[in-house]
Structure formats: structure tokens, C-alpha cells
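One structure below.
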Amino acid sequence: MAYDDVPGGDPRGRWCPKCQRPIRLGEPTTNMHFHEDPDGSRGLSGPWHGECARPYWDTITPALDKLRRSFGG
Ligand SMILES: [Zn+2]
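When you read off a place in the sequence shown, starting at 1, and then add 1453, the result is the number in our numbering.
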């Protein structure tokens, strides 16, 4: 194989919005979704590095709790 260091179809791949670095194949990622950016056009929603997304879990978890509560009764 001549293209060993090209990890996929798209040479740009996905970029992490937090650290502005490419997300390499096999790196742990977290799929983030922001109400401010529902379709990802602002570059916020989408896959982030797992470690980069971690600080934001705190801001997202309360929303999930609220959802879970309304569904769980
Ligand atoms: Zn990152």
C-alpha cells in the first residue's frame, strides 16, 4: 500500500473544534451537540477529541439529567 499515512477518504478528516487539530483515526472521540450549532455549521457540533470534550461534560450533563427526568417520570 502506498497510502499508509492517509487515514481515510477525506485527507482533511475531522477537526476538533476545541484544539483545532485533526482527529486521527482510532483516537477516542466524543460526539458533541450544541443547541447554538444544531447542524454543525459553526463547527461546534460533531466529534471532538474525548479529552477535549471532557470539560464540557459538566455543562451538558445537567441537560441530560433534565431529559432523563422528564422521560423517566
Ligand atoms: Zn481536540
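Positions of the beta carbon are idealized from the N, C-alpha and C atoms, including for glycine.
Check, Outcome
"For G1417 and M1485, which I take to be in contact (beta-carbon distance under 8 Å), what is that distance rounded to the nearest angstrom?", "Residue numbering for the chain in the displayed model covers 1454 to 1526; residue 1417 lies beyond these limits and cannot be assessed."
"According to DSSP, what are the bridge partners of R1467?", "I1476"
"So what does P1500 bridge to, in DSSP terms?", "N1484"
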